[in-house]
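A.B. asks:
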Amino acid sequence: MEHAGLLQRGKFDPALPVSLVLHLVIGLLLLAVLPDVEPIRTPPEDSIDIEVVTSPAVVAPAPPPAIQPPSQGREDRTNSSGEEPVPVAPDTASREMPPSRPALPKPAISGPPELTQARELFSGKTLASPRSRKAREMLATLSGGERNLQLCNLEALEQVSRSRPGSAPDLVAPYAMKPEKVRGTGVEVEGGAFRSKRNWFNIRFHCEVDPAGRAVVAFAFAIGEAIPRDEWQEHNLVAEDGEADQ
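Each residue of the sequence shown is one higher than the one before, counting from 158 in the working numbering.
(1) On the DSSP bridge assignment, give the partners of V373 in chain order.
(2) Can you list, in chain order, the residues of its chain with a C-beta nearer than 6 Å to that of F279? Leave out the 5 residues immediately preceding and following it.
(3) If you draw a straight line from the alpha carbon of L328 to that of R290, how long is it in whole angstroms?
(4) Return yes when the Cβ of E382 is within less than 8 Å of the Cβ of F358, no when it is not.
(5) Pick out whichever of R319, L308 and S324 has its Cα sitting closest to the Cα of L284.
(6) Can you list, in chain order, the residues of its chain whose CB lies under 6 Å from that of I380, leaving out five sequence neighbours each side?
(7) Counting only the same chain and skipping the five closest in sequence on each side, list residues whose C-beta sits under 7 Å from that of F376.
(8) Would G349 be called buried (16 or more neighbouring beta carbons within 10 Å of its own) or exposed?
(9) Less than 8 Å between the C-beta atoms of A333 and L296, yes or no?
(10) Taking A325 as the reference, which of R386, G370, V346 and R355 has the closest Cα?
(11) Which runs of the alpha helix (DSSP H) spanning at least 4 residues fall entirely within the segment 319-368, listed in chain order?
(12) On the CB-based measure, 16 or more other CB atoms within 10 Å of its CB, does L306 come out buried or exposed?
(13) When you compare each of R288, R293 and A396 to I384 by their alpha carbons, which one comes out closest?
(14) Compare the C-alpha of G370 against each of K338, H392, G302 and E391 and name the closest.
(15) If you compare alpha carbons, which of P269, R321 and K335 is closest to E391?
(16) Can you have a look at E208 and say buried or exposed, based on whether 16 or more other CB atoms are within 10 angstroms of its CB?
(17) Sort E271, S320 and R340 by Cα distance to R304 and report the nearest one.
(18) Under a Cβ-count criterion, where at least 16 other Cβ atoms within 10 Å of its own Cβ denotes burial, should E337 be classed as buried or exposed?
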């Protein structure tokens, strides 16, 4: 039997076309009866809207126009070839010059009067007089700067008496307004005072004594204004000898 079946496989089977037609009809019926099946689609990927923001274009500010000073006395000329205008020198003759101001006088600077150099010295003659015996004895007890100071005070009295006749000066206070300066053979008095007829006056003087301290060899002085009476007590000035301080 098996051999017969095998032999029959090589022959044409008439049921084969019928089977194919039957399967085709069944497939068409299934397609007509079954509902429409939507095709499966892959879900779309989640997308994010991206907005590209670009910075606004920066516009460089235009440079300010160059400011040119106004031309004075200039004529702009342009020829047919388009050349630059030719500057013309200003007419200085037609320009009015401002009136010159008068120079103001310099303010006067007030200060102490200048010293006057004595042309003649008198202290030596005065000490040589018989009436000056007590003065000579007093000077003999002094030495150094104190002796030089007293010789210069005597010379100051003699110079004031001769420069102001009738003034009759009788006392010098070299320390009245400012301390005197005695250096070697020199004596400098910048704030002294002398008494004349119960009144006091300012005096300045520079004096030079010989190395032996016996005579004045140079003297320059300047007499100032009267000293107000209300300043006397402050500077230990008295109207008469032996008068108590006020």
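Ideal placement from N, C-alpha and C gives every residue a C-beta, glycine not left out.
Since this is a predicted model, take the numbers as computed values, not measurements.
C.D. replies: Let me lay it out:
(1) V366
(2) E315
(3) 18 Å
(4) yes
(5) L308
(6) I360
(7) A275, L278, E312, Q316, F362 and C364
(8) buried
(9) no
(10) R355
(11) none
(12) buried
(13) A396
(14) G302
(15) K335
(16) With a pLDDT of 41 at E208, under the threshold of 50, the modelled position of this residue cannot be trusted, and the question is left open.
(17) R340
(18) buried
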